[in-house]
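These notes are about the structure you will find just below.
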Amino acid sequence: MNTSKQYPAEKSVIVTGANSGMGRATALRFAAEGWHVIAIDVAPSTHDADENITPAVADISNEMVLSAAVGRVLEGKPRLAAVVNAAGVFPTSSLDSYDADLYRRIFDINVLGTLNVARVGAKHIGPDNGGTMVFFASVDAFAVSRNQLLYSASKAAVVSITRSLAIELAESRITVNAIAPGWVDTEGTRKGGRIEAAISGIPLKRAASVEEIAGWAWKLACEPSYITGETVCIAGGIFMR
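When we follow our numbering, the leftmost residue of the sequence shown carries the number 665, and every step to the right adds one.
Following this line, the structure appears as structure tokens:
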């Protein structure tokens, strides 16, 4: 008797940072659209009730652990066709406050993690099937904020990685793009009243919802497109100021 789970989805997607905020919203959007979602996070899953989501615990800064986790959960599942790297950290830093440990934490997750997710994803997408990658950068890659010295630099690196990999993976028919959110209404940005203080400086006078950001990740990953190597700012006009 075959007791293996049958997935109605024809394609799988990796979504990292899938337990909260924009990553969670993105995982739920893909699942709602009928994709099989590999939901990766460093903590145990919050998606156990969704039949279209297979959780996996992995630290994206450790390629060996990430590769093993993805290989394990992809076995017997629909082919991997898309990768969305939403995982990231944004502790404050300045010239006075940063240290080597903080530098390594931010760059290991935001930059090395992006590279690891891309390499693991590209191996499973393969050189012939084609696919898409979407990385999460930030408006801070273009319009820097006070006390975000290392975070801004790490997200500028993600923008550069996006361009480089778009060229490198074009022969495999993999498009690579990024989104650069501005202020988004998440648990993290609500802490300490940060988001309320920022809204007055946003031309549209509101923060984005996590669902709006997830919609753009979905659009870049799933709609047929001639776009690759680009970073889309989703920031309510704040980048122009």
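Cβ atoms here follow ideal geometry from the backbone N, Cα and C, with glycine treated the same way. Computed from a predicted structure; not experimentally measured.
T796 in three-state terms, based on DSSP: Position 132 of the sequence shown holds residue 796. Here T796 sits in strand by DSSP.
Which of helix, strand or coil DSSP assigns to A881: What you label residue 881 is simply residue 217 of the sequence shown in a count that begins at 1. Note: A881 maps to helix in three-state DSSP.
Integer-rounded CB distance, given that T895 should sit under 8 Å from T826: One-based indexing of the sequence shown puts residue 826 at position 162. One-based indexing of the sequence shown puts residue 895 at position 231. T826 to T895, Cβ: 6 Å. Contact.
As assigned by DSSP and simplified to three states, the class of K741: In the sequence shown, the residue the question calls residue 741 occupies position 77. DSSP places K741 in coil when its eight states are reduced to three.
Helix, strand or coil at V677 [DSSP, three-state]: For this step, residue 677 is matched to residue 13 along the sequence shown. In this structure, V677 counts as strand in the three-state DSSP scheme.
Inside the stretch 801–860 only - alpha helix (DSSP H) runs reaching at least 4 residues: 813–832, 851–854
Close-in-space but distant-in-sequence residues of the same chain around T718 (CB under 6 Å, 5 per side omitted): Taking the sequence shown and counting its residues from 1, one reaches residue 718 at position 54. Excluding residues within five positions, the ones whose Cβ falls inside 6 Å are I702, V737.
Assigned exposure category for D705 - 16 Cβ within 10 Å defines buried: In the sequence shown, counting from the first residue as 1, residue 705 sits at position 41. Classification of D705: buried, given that the 10 Å Cβ count is 16 or more.
Helix, strand or coil at S731 [DSSP, three-state]: In the sequence shown, the residue the question calls residue 731 occupies position 67. Of the three classes helix, strand and coil, the one that applies to S731 here is helix, per DSSP.
Distance CB(F625)-CB(I843) smaller than 9 Å: No answer is possible for residue 625: it lies beyond the span of the chain, which begins at 665 and ends at 905.
Inter-residue spacing [alpha-carbon to alpha-carbon] between S889 and V753: Stepping through the sequence shown from its first residue, residue 889 is reached at position 225. Stepping through the sequence shown from its first residue, residue 753 is reached at position 89. So the two alpha carbons sit approximately 30 Å from each other.
N716 in three-state terms, based on DSSP: Along the sequence shown, read from residue 1 onward, the residue named residue 716 stands at position 52. Coil at N716, not helix or strand.
C-alpha distance - V803 paired with V822, whole-angstrom precision: On the sequence shown, residue 803 is found 139 positions in, with the first residue counted as 1. On the sequence shown, residue 822 is found 158 positions in, with the first residue counted as 1. Roughly 11 Å separates the two Cα atoms.
Which residues DSSP lists as bridging A663, in chain order: Residue 663 lies beyond the range of the chain shown here (665 to 905); nothing can be said about it.
Segment limits, alpha helix (DSSP H) that includes T690: Position 26 of the sequence shown, counting from 1, holds the residue named residue 690. Per DSSP, T690 belongs to the alpha helix (DSSP H) from 685–696.
Own chain, CB closer than 6 Å to E727, minus 5 neighbours either side, in chain order: Along the sequence shown, one-based indexing puts residue 727 at 63. Cβ within range, chain order: N780.
Straight-line Cα distance separating D760 from G687: Position 23 of the sequence shown, counting from 1, holds the residue named residue 687. Position 96 of the sequence shown, counting from 1, holds the residue named residue 760. Cα to Cα, the separation comes out at about 31 Å.
Local conformation of I724 per DSSP, three classes: Working through the sequence shown from its first residue, we reach residue 724 at position 60. Coil, per DSSP.
Rounded distance between the beta-carbons of P845 and A899, thought under 8 Å: By one-based count along the sequence shown, residue 899 stands at place 235. By one-based count along the sequence shown, residue 845 stands at place 181. So it is a contact: roughly 7 Å between Cβ atoms.
Selection from A722, G879, R743 that minimises the alpha carbon distance to E674: Position 10 of the sequence shown, counting from 1, holds the residue named residue 674. When each option's Cα is compared against that of E674, the closest is R743.
For V896, the first and last residue of its enclosing beta strand (DSSP E): On the sequence shown, position 232 is the one that residue 896 refers to. Start and end: 895–898.
Within 9 Å, strictly: CB atoms of A682 and S709: Counting from one through the sequence shown, the residue named residue 682 turns up at place 18. Counting from one through the sequence shown, the residue named residue 709 turns up at place 45. Closer than 9 Å, so yes.
Endpoints, the beta strand (DSSP E) within which A764 is located: As a first step, residue 764 is located in the sequence shown; it is residue number 100 there, counting from the start. Element bounds for A764: not the beta strand (DSSP E) but the alpha helix (DSSP H), 764–771.
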